[in-house]
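2 protein chains.
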Amino acid sequence: MLDESARLMTVLRPVRAGNAFEETVERLLQAIKLGVVAPGEKLPPERELAVRLGISRVTLREAIRALQEAGYLDVRRGRYGGAFVTYVPPRPADGDLRRVVADMGTADLTDALTFRMAVECGAAQVLAGTPLTADRRAVLERRLADLNAASLEDYRRLDTAFHLSIAELTGSPLLAAACADARLRVSDLLNAIPMLQVNLDHAATQHRAIVAAVVAGDPDAARRAVAEHLEGTAALLRAFLS
Amino acid sequence: MLDESARLMTVLRPVRAGNAFEETVERLLQAIKLGVVAPGEKLPPERELAVRLGISRVTLREAIRALQEAGYLDVRRGRYGGAFVTYVPPRPADGDLRRVVADMGTADLTDALTFRMAVECGAAQVLAGTPLTADRRAVLERRLADLNAASLEDYRRLDTAFHLSIAELTGSPLLAAACADARLRVSDLLNAIPMLQVNLDHAATQHRAIVAAVVAGDPDAARRAVAEHLEGTAALLRAFLS
DNA sequence: GTTGATTGGGCTAGTCTCAGACCATTGATG
DNA sequence: CATCAATGGTCTGAGACTAGCCCAATCAAC
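Residue numbers (this note's numbering), protein chains in the order written: chain A, 1 to 242; chain B, 1 to 242.
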């Protein structure tokens with residue numbers, strides 16, 4: 001990765017990650033696992049969703065059927081029907097984390113963690129560096145409050161919502177997409193980490209620090225706060241690499 | 001973008017940017033415009049390139065033919081033949097910038113600038129935050145020296161190389177790809193900006209500051225140095241939005 | 001109940017894309 | 001000058017994907 005060919009690797013990477021079906025399954029799984037569509041809610045109607053995803057309804061339906069058979073969705077016909085999310089993130093059990101880490105491979109893991117660190121810090125910095133309108137500030141503080149009031153059941157979903165809103169509030173779709181992508185790549189890991197009260201308290205303090213720095217308009221502090229927050233996760237995961 | 005639906009927009013975005021042909025043209029144009037394949041050099045052989053891009057040779061050849069007809073490539077048959085890059089970035093003329101900005105639209109422009117700011121600052125921060133081996137440090141300083149010694153003809157290409165090596169040196173392919181993507185989205189803009197000596201001198205100072213901060217292992221300073229550097233470009237472009 | 005709007009289910013004809021094989025050209029090498 | 005390896009040029013049959021259409025089920029409203 002040190003020589004001239006690094007950029008060839010970067011730019012001449014695969015144009016498509018797989019076929020349309022696979023990519024669609026992946027994308028829907030994103031929406032479900034990131035909690036964009038919460039358990040009990042339903043996906044948009046097939047026709048609308050197909051347009052949004054830029055694929056045909058046939059392909060979308062194949063993907064939905066795969067997720068249905070895998071137990072993520074419950075599809076019901078007729079008016080007020082739809083594809084309802086049944087997936088509830090399982091409570092992490094001992095050994096889950098080690099298994100997930102082993103499944104990913106150390107290279108992908110460090111790549112994902114590095115990527116997440118860069119884009120989330122960048123997003124926080126950018127957001128802190130621009131004047132925050134009152135309503136945007138309200139959104140951020142609302143997400144923080146929601147997260148602090150969350151049950152264990154909802155915690156990961158609302159944590160995701162909080163983190164992603166930082167990127168969304170910058171107003172850059174590209175940045176929001178990058179952060180969503182980064183989050184997804186570590187979501188299996190996060191779901192496998194036991195949620196201990198001491199860790200949650202620690203995270204809550206860090207979340208408040210992030211919001212405070214953003215509201216104060218201090219890019220350096222925002223960057224540091226996010227970095228510190230993510231470093232906690234990274235350090236925990238790195239312990240499993242040795 | 002402030003409500004719940006922001007994440008729906010983010011996650012349920014199009015699965016594919018277009019058909020395989022269009023995406024391939026775009027990707028090859030990246031390689032050419034970013035100077036990954038310099039003028040006079042040739043692309044890898046079709047068979048190899050098709051495998052790398054994950055597409056069929058037929059589709060790749062259609063893309064190559066399009067770029068040939070558009071004047072970017074000169075394709076020669078036989079041994080030692082290949083698709084040679086003929087494109088040389090044109091010297092910016094007055095009015096180019098205004099036209100390019102108008103073509104992009106203000107929304108896409110601010111999106112691209114914001115995205116670039118976030119990922120490049122994030123990359124510099126990450127790189128500064130990890131111990132730099134001697135050879136990696138040498139690569140970075142080599143790129144800086146190359147850039148400082150560049151002719152006007154080579155400047156943009158080597159500037160790209162310098163900026164991208166920061167992301168590449170983090171060792172994260174995802175981050176490298178994000179930075180390459182960000183750079184590409186502003187490359188037409190950068191190419192339309194007249195290269196004035198005073199600006200080049202200014203940029204050179206900032207580039208040195210970035211390298212110094214990275215080498216010193218100071219993430220905050222690195223982040224600030226990159227932010228300041230990119231802010232110059234952004235400010236110049238924003239002037240065309242009013 | 002009947003109706004009507006909304007939603008999933010399914011079919012078909014046509015286009016895009018692919019894998020693989022074979023042909024044509026070039027030019028360094030012996 | 002003949003050879004041959006590397007490279008672009010071309011064809012074909014199969015599979016993936018799409019657009020558009022109509023059918024079937026459901027359920028609130030009347």
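Glycine included, every Cβ here is placed at the ideal spot set by N, Cα and C. Remember, it's a predicted structure, so these values are computed and weren't measured experimentally.
Interface partners of residue i on chain B, CB under 7 Å
| i | result |
| --- | --- |
| LEU262 (chain A) | Any answer about residue 262 (chain A) is impossible in this case: the structure gives chain A only from 1 up to 242. |
| ARG238 (chain A) | Simply none; closest approach about 12 Å. |
| GLU62 (chain A) | Those do not exist, as GLU62 (chain A) stays about 13 Å from chain B at its closest Cβ, beyond 7 Å. |
| VAL36 (chain A) | ARG7, LEU8 and VAL11 |
| THR24 (chain A) | VAL15 |
Alpha-carbon spacing of residue i relative to residue j, whole angstroms
| i | j | result |
| --- | --- | --- |
| VAL85 (chain B) | ASP159 (chain B) | 19 Å |
| ALA177 (chain B) | LEU12 (chain B) | 21 Å |
| LEU189 (chain B) | THR233 (chain A) | 38 Å |
| GLU48 (chain A) | ARG57 (chain A) | 9 Å |
| LEU275 (chain A) | ARG52 (chain A) | Shown here, chain A extends from 1 to 242; a query on residue 275 (chain A) therefore has no answer. |
| VAL214 (chain B) | ASP201 (chain A) | 33 Å |
| ILE210 (chain A) | ALA128 (chain B) | 21 Å |
| ALA6 (chain B) | ALA107 (chain B) | 16 Å |
| ARG223 (chain B) | ASN19 (chain A) | 38 Å |
| GLN206 (chain B) | ALA225 (chain B) | 7 Å |
| GLY122 (chain B) | MET117 (chain A) | 7 Å |
| ARG77 (chain B) | ALA50 (chain B) | 17 Å |
| ASP220 (chain A) | ARG208 (chain B) | 20 Å |
| GLU46 (chain B) | LEU34 (chain B) | 20 Å |
| GLY95 (chain B) | PRO173 (chain A) | 28 Å |
| THR24 (chain B) | LEU28 (chain A) | 25 Å |
| THR10 (chain B) | ARG65 (chain B) | 34 Å |
| LEU97 (chain B) | PRO89 (chain B) | 14 Å |
| TYR155 (chain B) | ILE193 (chain B) | 12 Å |
| VAL126 (chain A) | LEU230 (chain A) | 17 Å |
| SER187 (chain B) | ALA83 (chain B) | 22 Å |
| ASN191 (chain B) | ARG185 (chain B) | 11 Å |
| VAL75 (chain A) | GLU26 (chain A) | 18 Å |
| ALA38 (chain A) | PHE21 (chain A) | 23 Å |
| ALA138 (chain B) | GLU62 (chain A) | 51 Å |
Exposed unless 16 or more other CB atoms sit within 10 angstroms - verdict on residue i
| i | result |
| --- | --- |
| ALA227 (chain B) | buried |
| TYR80 (chain A) | exposed |
| VAL325 (chain B) | Not covered by the structure: residue 325 (chain B). The range shown for chain B is 1 to 242. |
| ASP135 (chain A) | exposed |
| ASP111 (chain A) | buried |
| PRO14 (chain B) | exposed |
| ARG91 (chain B) | exposed |
| ARG99 (chain A) | exposed |
| ARG143 (chain A) | buried |
| GLY105 (chain B) | exposed |
| GLU120 (chain A) | buried |
| ALA167 (chain B) | buried |
| ALA180 (chain A) | buried |
| ALA93 (chain B) | exposed |
| ALA239 (chain B) | exposed |
Rounded Cβ spacing between residue i and residue j (contact assumed at less than 8 Å)
| i | j | result |
| --- | --- | --- |
| LEU8 (chain A) | VAL36 (chain B) | 6 Å |
| LEU152 (chain A) | ARG183 (chain A) | Incorrect: roughly 19 Å between the Cβ atoms, too far for contact. |
| ARG16 (chain A) | GLY54 (chain B) | 6 Å |
| LEU175 (chain A) | LEU140 (chain A) | The Cβ separation is near 15 Å, so there is no contact. |
| GLY171 (chain A) | THR59 (chain B) | Actually they do not touch by this definition, with Cβ atoms about 35 Å apart. |
| VAL101 (chain B) | LEU236 (chain B) | About 10 Å; that fails the 8 Å criterion. |
Within chain A, partners of residue i - CB distance below 9 Å
| i | result |
| --- | --- |
| ARG273 (chain B) | What the structure shows of chain B is the stretch from 1 to 242, and residue 273 (chain B) is not part of that stretch, so it cannot be assessed. |
| ASP220 (chain B) | ASP220, ARG223 and ARG224 |
| ARG27 (chain B) | VAL11, LEU12, ARG13 and VAL15 |
| ILE257 (chain B) | Coverage of chain B is limited to positions 1 through 242, which leaves residue 257 (chain B) absent and any answer about it impossible. |
| LEU189 (chain B) | Going along chain A, no residue has its Cβ under 9 Å from LEU189 (chain B), so there is no contact; the nearest lies around 15 Å. |
Listed by chain order, chain B residues near residue i by CB distance under 8 Å
| i | result |
| --- | --- |
| GLN206 (chain A) | Per Cβ cutoff of 8 Å: no residues; GLN206 (chain A) is ~17 Å from chain B at best. |
| THR170 (chain A) | THR114 and ALA118 |
| GLN30 (chain A) | VAL11 |
| LEU144 (chain A) | Under the 8 Å cutoff, chain B gives no residues; its nearest Cβ is about 15 Å from LEU144 (chain A). |
Closer than 7 Å at the beta carbon, the chain A residues around residue i
| i | result |
| --- | --- |
| ASP111 (chain B) | SER172, PRO173 and LEU174 |
| VAL126 (chain B) | THR114, MET117 and ALA118 |
| ALA180 (chain B) | THR10 and VAL11 |
| ALA123 (chain B) | ALA118 |
Chain-ordered chain B contacts of residue i [CB-CB under 9 Å]
| i | result |
| --- | --- |
| LEU73 (chain A) | The contacting residues do not exist; LEU73 (chain A) stays about 15 Å from chain B at best. |
Closer than 8 Å at the beta carbon, the chain A residues around residue i
| i | result |
| --- | --- |
| LEU49 (chain B) | LEU12 |
| ALA20 (chain B) | VAL15 and ARG16 |
Uninterrupted alpha helix (DSSP H) stretches inside the segment 51 to 98 of chain A (no shorter than 4 residues): 57 to 69
In chain order, each alpha helix (DSSP H) run of at least 4 residues that lies wholly inside the segment 134 to 197 of chain B: 134 to 148, 152 to 169 and 173 to 192
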